[in-house]
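Colleague: Chains A and B, in that order, are what the protein sequence lines are. Here the first sequence stands for residues 0 to 392, where the numbers follow numbering that gives the first Met the number 0. Here the second sequence stands for residues 0 to 388, where the numbers follow numbering that gives the first Met the number 0. C-beta atoms are modelled at their ideal positions from N, C-alpha and C, and glycine is treated no differently. Following this message is one structure expressed as structure tokens.
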Amino acid sequence: MVIRSKKILIEKLTGVHSSKKSYYVALKNKINELLEIKRDWEVTFSAVTDLLVFINQDYEIQRVNQAATDFFTMPEEKVVGAKCYQIFYGREAKCNPCLGDQVLQSQKTSYQQSRTRYNRVLDIFAYPAFTEQDEPYGVTYYAKDVTRFVDSIKLVSMGEMSAGVAHELNSPLTAIVGNAQLLLRESDPDNPQHQLIKDIHSSGIRCQRIIKNLLTFSRQDEFSFEDVNLNDVVDSALALATYQIEKSRIELLVNKHPDIPKISGSANSLEQIIVNLLLNARDAVESKFQAGGKNGTIGQITLDTRLHPEGELALVEISDNGCGIEQDDIPQIFNPFFTTKQSGKGTGLGLSVSLGIAQAHGGFIDVQTVIGQGSTFSLILPLKKADCESEES
Amino acid sequence: MYTSKFVTPEIIFGTGSLDQIGECCSRLGSTKVFLVADQGIERCGWVDKALVFLREASLDHFLWSDFSANPRDFEVEEGCKRYLKAGCDAVLAIGGGSAVDIAKAVATLSTNPGRIHDYEGIDMIQEPLPPLIVVPSTAGSGAEVSQFAIISDSKRKIKMTIISKSLVPDIAVSDPLILSTVNSKLTANTGMEALSHAVEAYLSLAATDMTDIHALQAIRLIAASLRSSVASQVDEAAKIAMGQASLHAGIAFSNAVLGLTHAMTHQIGGLFDQPIGSISAVLLPYVMRFNMIACIDKYAAIAEAMGAQTKHLTKREAAEMAIEMVRELARDVGIPAGLAELELPEEAIPELSRNAMNDACFITNPRDADEDDISNIFREVLKTRGGEH
Ligand SMILES: Nc1ncnc2c1ncn2[C@@H]1O[C@H](COP(=O)(O)OP(=O)(O)O)[C@@H](O)[C@H]1O
Ligand SMILES: [Mg+2]
């Protein structure tokens, strides 16, 4: 017994059962610990339903969460490494002003609301990231998609207002148009007053058209959905618009993807969007060529239908080589009553109504434009009708 | 037969080998070295030399020499604070046993939480230490190769022994040139300390063939060269021999542990704030006499290693001869014969003896001893005056 315990004591003392603590073990434990932390963060990161995007000082996206890749409908590999202005706004050059610069310079958190690609409105909070030496080295964007919120406020108030206006204006207008018609029938076309009455009549008709638009706008939820062949919708829209376009001596090119699956929607409403976009394109081309830019080139509008390579989306793309849109105007063109056209020509309702319809279909309208060179408007619609937000609201 | 283990650090030995330290540190991955050097070594200009070599290896450094000859717990904590604040990633100690001990303790606290007291005892260190490189400046402590560190507990007024394989330095760089700036008294004390390490390791219950080779070689070298090393600061051959002897003794006792001499030495040492010369050297012959019957053969081997002709002697006579030769060597280099001058009261002896029995070194003593046995040895040493050889 004594011998045994002595043996144990001595072996303990000479360290038979202990070794120099190795950094390999410590390192391995540390790595595992860090991996666990990393995993926790990644889980948290991807659980956040708002967009998280981290960019470096060269505006290159370094990290994104799932919500962000979903939002941009692009895989992570495509987003990471791309410039933020490209991904957020589809721009080729840095934004002016640039939220990231602002944050890096002031080293303070900043906020802005902006309309991004696919015509979505984001509330963007930007936070500077610092190195241990307190030098800024990047910016974290935390962005909330508030499109639905912003647009639905607008839509709701617009809807209410327009319904009210329509109601108020409809009966006096019926009187004006009806009476003007009566007078027209009775007046002698050679009488100088005849032309005045004609003007009253046609202006009244125009007002009624505006009101009809307004009512469509406020009643988007009343579409009846059916299986629609998008190419057929395009054909009937072209039947309405081709004459208008060719009358202005503008070349119209149409390329239809041969097999676009059916989508679920309202053929009449979708047709209305395409007509709107075509007529806007015509206006844009006309305004450019009237301004004297003719030399050699001719006005041209192209319509393509295609399938989106990634999402299950169908596209109707309408490109023109018209005047293009001022950078400052882009965020506003979808606003009701925004128009750059001379009074009498534009109502400013076309795009806003079109967007409302597109959204009611779970889709959206994307714009790409270069001032002086032309614009492309894309109507993008989901092939299988996804849960559609506008329907519920 | 016990299961045994044998550990040494990498050892670099050679005249002028101090120039290796920069390379050693960077090889172990360091960029900023925490240089622990005692004030004596700084005064002799070795720190300036060392800094040149660190700079040559493009290493940053932080120099710390703010500790006493009997390193204390709070000094360890202060050192650790400096280490962390300076952002160092390796510890380089240049100095005697105390500098090396405190460097080990600082390295321990730099990666292990709590106070140094938490690591007292055997194998308490859990986290690996930063790279530890040691350059001994005296030939004796053996701390450059050992798995021990001794730190004073300032409250309890005792010496804490920390034993851990993690305290074995990564690299020991032994440069005999550095020994040439040590004065004769320190040379004598540390040289005799090395002898006490070698003898006790050789007699230890945990001794093995591997440790015996080193212990006997240390005894041989010390017996042959300590006198000339004490006699002259510039005897290069003696310095080389003592530098080697210190390594051998250190390797032997780090692996075989010690015995009653050191169990008793630690008790007396704990009573004083300042180092009081080589107590172990004074105690050694007294304890050797007590232990003799446990291993007469080994005593004869010690006598032979020390240069005695034992052919015509009985085992017993040769063993007696070993004790006499240790006494003679101690006398020649000026080690006192006893400790009467410390004037320790008789009443203190029983407690000192009991504490000695609890000391880790007592476990490996070759002869069993009870409180009375130890008290008798204490009494004998304490009544003998220093000059009574
Ligand atoms: N293809 C286009 N090219 C240039 N600008 C366009 C184009 N389409 C629309 N826009 C701009 O968007 C504005 C809003 O269009 P819309 O809502 O259809 O109203 P409207 O056509 O009545 O002006 C237009 O006034 C014009 O400035
Ligand atoms: Mg329009």
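Which word fits B:T313, buried or exposed, when buried means at least 16 other C-beta atoms lie within 10 angstroms of its C-beta?
Modeller: Along the second sequence, one-based indexing puts residue 313 of chain B at 314. It is exposed - the Cβ of B:T313 has fewer than 16 other Cβ atoms within 10 Å.
Colleague: Pull the bridge partners of A:A128 from the DSSP assignment, please.
Modeller: In the first sequence, residue 128 of chain A corresponds to position 129, counting from 1. A:A128 is bridged to A:G137.
Colleague: Only counting runs of 4 or more residues, tell me where the alpha helix (DSSP H) segments fall wholly within the region 140-220 of chain B, in order along the chain.
Modeller: Correct list: 175-178, 183-202.
Colleague: For the alpha helix (DSSP H) that B:R288 lies in, which residues bound it at each end?
Modeller: Along the second sequence, read from residue 1 onward, the residue named residue 288 of chain B stands at position 289. That run of the alpha helix (DSSP H) goes 278-290.
Colleague: Grab the span of the beta strand (DSSP E) containing B:F52 for me, first residue to last.
Modeller: Against the second sequence, residue 52 of chain B aligns to sequence position 53. Looking at the DSSP string, B:F52 is not in any beta strand (DSSP E); the run it does join, the alpha helix (DSSP H), is 45-55.
Colleague: Hey, which unbroken runs of the beta strand (DSSP E) at 3 residues or more fall wholly within the region 43-100 of chain A?
Modeller: The region 43-100 of chain A contains these whole beta strand (DSSP E) runs: 50-55, 60-63.
Colleague: For chain B, check one thing: does any of its Cβ atoms lie closer than 8 Å to the Cβ of A:S21?
Modeller: Position 22 of the first sequence holds residue 21 of chain A. It does; some Cβ of chain B falls within 8 Å.
Colleague: Could one say the Cβ of B:E199 lies closer than 8 Å to chain A's Cβ atoms, at least one of them?
Modeller: Here residue 199 of chain B corresponds to residue number 200 of the second sequence, with the count starting at 1. Not an interface residue.
Colleague: Within 7 Å: the Cβ of A:D69 and any heavy atom of ligand 1?
Modeller: Position 70 of the first sequence, counted from the start, is the residue given in the question as residue 69 of chain A. Flag unset: Cβ of A:D69 not near ligand 1.
Colleague: Give the secondary structure of A:T241 by DSSP, where H, G and I count as helix, E and B as strand, and everything else as coil.
Modeller: Within the first sequence, residue 241 of chain A is the residue found at index 242, counting from 1. Three-state result, A:T241: helix.
Colleague: Given a threshold of 16 other Cβ atoms within 10 Å of its Cβ, counted over all protein chains shown, does A:P191 qualify as buried or as exposed?
Modeller: Within the first sequence, the letter at position 192 stands for residue 191 of chain A. Flag for A:P191 reads exposed.
Colleague: With 16 other CB atoms within 10 Å as the buried threshold, where does B:H60 fall?
Modeller: Sequence index remark: in the second sequence, residue 60 of chain B carries index 61 (1-based). Buried.
Colleague: Give me the DSSP bridge partner(s) of B:K31.
Modeller: Residue numbering aside, residue 31 of chain B sits at position 32 when the second sequence is read from its first letter. Answer by DSSP bridge pairing, in chain order: B:D59.
Colleague: Quick check on B:A359 - is its C-beta less than 8 Å from some C-beta in chain A?
Modeller: As a working mapping, residue 359 of chain B is identified with position 360 in the second sequence. Judged by the 8 Å Cβ criterion, B:A359 is in contact with chain A.
Colleague: In the structure shown, what three-state DSSP assignment does A:Q219 receive?
Modeller: The residue labelled residue 219 of chain A in the question sits at position 220 within the first sequence. Reliability fails at A:Q219, whose pLDDT of 45 lies under 50, so the model's placement of it is uncertain and the value that follows must be treated cautiously. In this structure, A:Q219 counts as helix in the three-state DSSP scheme.
Colleague: Taking 6 Å as the limit between beta carbons, can you name the residues of its chain near B:T207, skipping five residues before and five after?
Modeller: As a first step, residue 207 of chain B must be located in the second sequence, where it is residue number 208. For B:T207, where only same-chain residues beyond five positions count, the Cβ hits under 6 Å are S3.
Colleague: What is the residue span of the beta strand (DSSP E) that A:Y110 lies within?
Modeller: For the purposes of this step, residue 110 of chain A is identified with residue 111 of the first sequence, where counting begins at 1. A:Y110 -> beta strand (DSSP E) spans 109-115.
Colleague: Check whether the Cβ of A:A81 sits closer than 7 Å to any heavy atom of ligand 4, and report yes or no.
Modeller: Here the bound small molecules are ligand 1 and ligand 2; ligand 4 is not part of this structure.
Colleague: Give me the subset of the region 24-50 of chain A whose CB atoms are less than 8 Å from a CB atom of chain B, sorted by chain position.
Modeller: Of all residues in the region 24-50 of chain A, V24, A25 have a Cβ within less than 8 Å of some Cβ in chain B.
Colleague: Give the C-beta separation of A:G362 and A:L378 to the nearest angstrom, bearing in mind that I take them to be a contact with Cβ-Cβ under 8 Å.
Modeller: Sequence index remark: in the first sequence, residue 362 of chain A carries index 363 (1-based). Sequence index remark: in the first sequence, residue 378 of chain A carries index 379 (1-based). Yes, A:G362 and A:L378 are in contact; Cβ-Cβ is about 7 Å, under 8 Å.
Colleague: Return the chain-ordered list of same chain residues with a C-beta closer than 6 Å to the C-beta of A:T130, the five sequence neighbours on each side being excluded.
Modeller: Position 131 of the first sequence, counted from the start, is the residue given in the question as residue 130 of chain A. Closer than 6 Å at Cβ, skipping near neighbours: Y136.
Colleague: With a 10 Å radius around its C-beta and 16 neighbouring C-beta atoms as the bar for buried, classify A:Q132 as buried or exposed.
Modeller: For the purposes of this step, residue 132 of chain A is taken as residue 133 along the first sequence, with counting starting at 1. That one is exposed.
Colleague: So is A:L252 buried or exposed if we call it buried at 16+ other beta carbons inside 10 Å?
Modeller: Here residue 252 of chain A refers to the residue found at position 253 of the first sequence. Exposed, since its Cβ has fewer than 16 Cβ neighbours within 10 Å.
Colleague: Three or more C-beta pairs under 8 Å: does that hold for the region 10-29 of chain B against the region 170-180 of chain B?
Modeller: Flag = yes, the region 10-29 of chain B and the region 170-180 of chain B touch.
Colleague: Out of curiosity, what's the CA-to-CA distance linking B:A230 and A:I30?
Modeller: The count along the second sequence starts at 1 and reaches residue 230 of chain B at position 231. The count along the first sequence starts at 1 and reaches residue 30 of chain A at position 31. If I take the Cα positions, the gap works out to 56 Å.
Colleague: So what's B:P349 in DSSP terms, helix, strand or just coil?
Modeller: For the purposes of this step, residue 349 of chain B is taken as residue 350 along the second sequence, with counting starting at 1. In this structure, B:P349 counts as helix in the three-state DSSP scheme.
Colleague: Please classify A:S389: does DSSP put it in a helix, a strand, or coil?
Modeller: Within the first sequence, the letter at position 390 stands for residue 389 of chain A. Reliability fails at A:S389, whose pLDDT of 41 lies under 50, so the model's placement of it is uncertain and the value that follows must be treated cautiously. Helix.
Colleague: Suppose contacts are defined by Cβ-Cβ distances below 8 Å. Is A:I356 in contact with A:S268 by that definition?
Modeller: Counted from its first residue, the first sequence places residue 356 of chain A at position 357. Counted from its first residue, the first sequence places residue 268 of chain A at position 269. Yes; because the gap between Cβ atoms is below 8 Å, this pair is in contact.
Colleague: Are the beta-carbon atoms of B:S227 and B:A237 separated by less than 8 Å?
Modeller: Taking the second sequence and counting its residues from 1, the one referred to as residue 227 of chain B is at position 228. Taking the second sequence and counting its residues from 1, the one referred to as residue 237 of chain B is at position 238. Cβ distance < 8 Å, so B:S227 and B:A237 count as in contact.
Colleague: The alpha helix (DSSP H) with B:A106 in it runs from where to where?
Modeller: Here residue 106 of chain B refers to the residue found at position 107 when the second sequence is read from its first residue. 96-110 is the span of the alpha helix (DSSP H), which, as asked, contains B:A106.
Colleague: Answer yes or no: do A:T115 and A:Y126 have a C-beta to C-beta separation smaller than 8 Å?
Modeller: Taking the first sequence and counting its residues from 1, one reaches residue 115 of chain A at position 116. Taking the first sequence and counting its residues from 1, one reaches residue 126 of chain A at position 127. The answer is no: Cβ separation not under 8 Å.
Colleague: Output, in sequence order along the chain, the residues in the region 159-176 of chain B whose CB is closer than 8 Å to any CB in chain A.
Modeller: Of all residues in the region 159-176 of chain B, I162, S163, K164, S165, V167 have a Cβ within less than 8 Å of some Cβ in chain A.
Colleague: Identify the continuous alpha helix (DSSP H) that holds B:F377 and give its terminal residues.
Modeller: In the second sequence, counting from the first residue as 1, residue 377 of chain B sits at position 378. It spans 370-382 - the alpha helix (DSSP H) in which B:F377 sits, taken as one unbroken run.
Colleague: Given A:S45, which residues of its chain have a CB within under 7 Å of its CB, disregarding the five upstream and five downstream residues?
Modeller: The residue you call residue 45 of chain A lines up with position 46 of the first sequence. Hits under 7 Å: N64, Q65.
Colleague: Pull up the distance between the alpha-carbon of B:R81 and that of B:R384, whole angstroms please.
Modeller: As a first step, residue 81 of chain B is located in the second sequence; it is residue number 82 there, counting from the start. As a first step, residue 384 of chain B is located in the second sequence; it is residue number 385 there, counting from the start. Looking at the two C-alpha atoms, the distance is approximately 44 Å.
Colleague: Along chain B, which residues have their Cβ under 7 Å away from the Cβ of A:I2?
Modeller: Start at 1 with the first residue of the first sequence, and residue 2 of chain A comes out as number 3. Residues of chain B passing the Cβ test: none, with the nearest at roughly 11 Å.
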